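Residue numbers (numbering that gives the first Met the number 0): 0 to 101. Glycine included, C-beta positions come from ideal geometry on N, C-alpha and C. As the structure is a computational prediction, the values presented were derived from the model and not from experiment. Report on the structure given below.
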Amino acid sequence: MKRQNVRTLSLVVCTFTYLLIGAAVFDSLESETEHKRAKFLEEVRDNLKRKYKITDEDYKMVEIVIIESKPHKAGPQWKFTGAFYFATVVLAMIGKFSSSNL
């Protein structure tokens, strides 16, 4: 293999490894927070249903009305694929907006 090819391949492998590590870090940091938030919202929902004596069906209907009135999200933001995408964007944007470009 030519020296240039080895260098290019090693840079690609290092970059991909960097992205995987970055995605794993974001995933581990953010997924726990999302899990805690989901648990908190579940407790709030249960408290509301108990306090106002709302049936599961009625609560679901209110929930659907509220959700449909807001723009949809694609689900939990910080799954591994989302974290990998974010790490890729960060890597691509490094140095993109340095002061010499302004």
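Rounded to whole angstroms, the Cβ separation of alanine 91 and leucine 18 is 10 Å, and the two are not in contact under 8 Å.
Put simply, the backbone Cα of phenylalanine 83 is about 18 Å away from that of threonine 32. Per DSSP, reduced to three states, the secondary structure at threonine 54 is coil, with no helix or strand assignment.
Secondary structure note for methionine 92: its alpha helix (DSSP H) is the uninterrupted segment 79-92. By the CB criterion at 8 Å, glutamate 29 and tryptophan 77 fall inside the cutoff.
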